[in-house]
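Numbering (the numbering used here), first residue to last: 1 to 135.
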């Protein structure tokens, strides 16, 4: 969700931000998975942050054009919309894979109330350390 504006209730909940080199990545409501066993630890010593929104643009020329986490599925029915997306490593280049699916559902509960439900699925092999969710 990029912006939620309810002038009769409280104004804007998610105001736009300016973040050069990361359009949308830190401007949206997103889930982030961090593998605490691998994050900035030997042997790689690299960040392990899988973002629902996409990657930072710090790996020229590969990230000259913004790359967002791919949307895999979406469905709307009644007062809800649900989406599945594949998480991407925020800090590239990286030696790690992105074994994380993010599931998000938005439901209009009426009277200005929007419910957001999130789930994270780790499809890494059991011997790898699963991500801990940090939002």
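Yeah, the Cβ is synthetic: ideal placement off N, Cα and C, and Gly gets one too.
Computed from a predicted model, the values in this text were never measured in an experiment.
| Query | Result |
| --- | --- |
| contact_flag[the segment 38-58, the segment 81-93] where n(CB pairs < 8 Å) is 3 or more | yes |
| C-alpha gap between residue 38 and residue 105, whole angstroms | 29 Å |
| Residue range of the beta strand (DSSP E) that includes residue 44 | Premise fails: residue 44 is in no beta strand (DSSP E) and is neither H nor E. |
| Alpha carbon of residue 56 to alpha carbon of residue 110, nearest angstrom | 36 Å |
| Residue environment, residue 77, which counts as buried when at least 16 other CB atoms sit within 10 Å | exposed |
| Simplified DSSP assignment, three categories, for residue 83 | strand |
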